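Numbering (UniProt numbering), first residue to last: 1 to 151.
The next block holds one structure in the form of structure tokens; read it before the comments.
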Amino acid sequence: MKAENLKIKSIFGLPNNNDLTQLLCLYKTIFEVNTNDYFVDRIQNQTDLVFLIAYKEEIPVGFKIGYKQNSNTFYSWLGGVLPAFRQQGIAKVLAEHQEAIVLKKGYQKIATKSMNQYKAMLIFNLKNGFDITNFYTNELGEQKIVFEKKL
């Protein structure tokens, strides 16, 4: 199944209350978290924020968020698709849309991170032209894999 009848809404800067509510609902459902604190705290101090929300028949089904890492690199921080809408190409459409925006903004590459436990995300990044450029263990003891893609 393909991402048919998909609409992508682009939001630049902090989202309004309605868009934020939709993003938080998607975030909590997709990542099965009980609090929005991490999400809200993370976006507050970022620059050049880009939020994308995917809609099928006016229903928000997925999202992708990123922001400026440095003058050359855009950091693709977080994204996901509701379980009932996976395997339809929605994540790929969101990624392509983000890349087009980032390229127009003048960035030379996109960076992202994942962890070994998220096999689908690792495969998705590699299939979409990202290279593994680093790995490290964060302050919580989690092993992170760093990916970069030249635009």
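C-beta: ideal position from N, C-alpha, C; glycine also.
The structure displayed is predicted, hence computed values, not measured ones.
For a quick check, are the C-beta atoms of residue i and residue j less than 8 Å apart?
i: L23; j: F51; result: yes
i: L49; j: F12; result: yes
i: L14; j: I43; result: yes
i: P60; j: L6; result: no
i: F124; j: A91; result: yes
i: F147; j: T137; result: no
How many angstroms separate the CA atom of residue i from the CA atom of residue j?
i: E142; j: G66; result: 21 Å
i: M1; j: L82; result: Confidence in M1 is poor, its pLDDT being 49 and thus under 50, which makes the residue's placement unreliable; the coordinate value appears in the next sentence. Whole-angstrom Cα-Cα distance: 15 Å.
i: W77; j: K113; result: 8 Å
i: N17; j: D131; result: 36 Å
i: K64; j: G89; result: 14 Å
i: Y107; j: N72; result: 5 Å
Using DSSP with H/G/I as helix, E/B as strand and the rest coil, what is residue i?
i: D19; result: helix
i: N99; result: The question names Asn, but residue 99 in the sequence shown is Glu. Looking at E99 - three-state DSSP - the assignment turns out to be helix.
i: V50; result: strand
i: N134; result: strand
i: K105; result: coil
i: Y118; result: coil
i: K28; result: helix
Let's see if you can read the secondary structure: which residues bound the alpha helix (DSSP H) around residue i?
i: A111; result: Unbroken run through A111 is the beta strand (DSSP E), 109-114; no alpha helix (DSSP H).
i: Q44; result: 37-44
Since residue i and residue j should fall inside the 8 Å C-beta cutoff, what is the C-beta to C-beta distance between them, to a whole number of angstroms?
i: Q69; j: A111; result: 6 Å
i: F85; j: K105; result: About 28 Å separates the two Cβ atoms, so there is no contact after all.
i: I8; j: H97; result: 5 Å
What first and last residue would you give for the beta strand (DSSP E) that runs through residue i?
i: V146; result: 143-150
i: T60; result: The residue you asked about is not Thr; residue 60 is Pro in the sequence shown. Counting along the chain, the beta strand (DSSP E) containing P60 begins and ends at 59-68.
i: G129; result: Neither: G129 is in no beta strand (DSSP E) and is coded neither H nor E.
i: S76; result: 73-81
i: F12; result: 6-12
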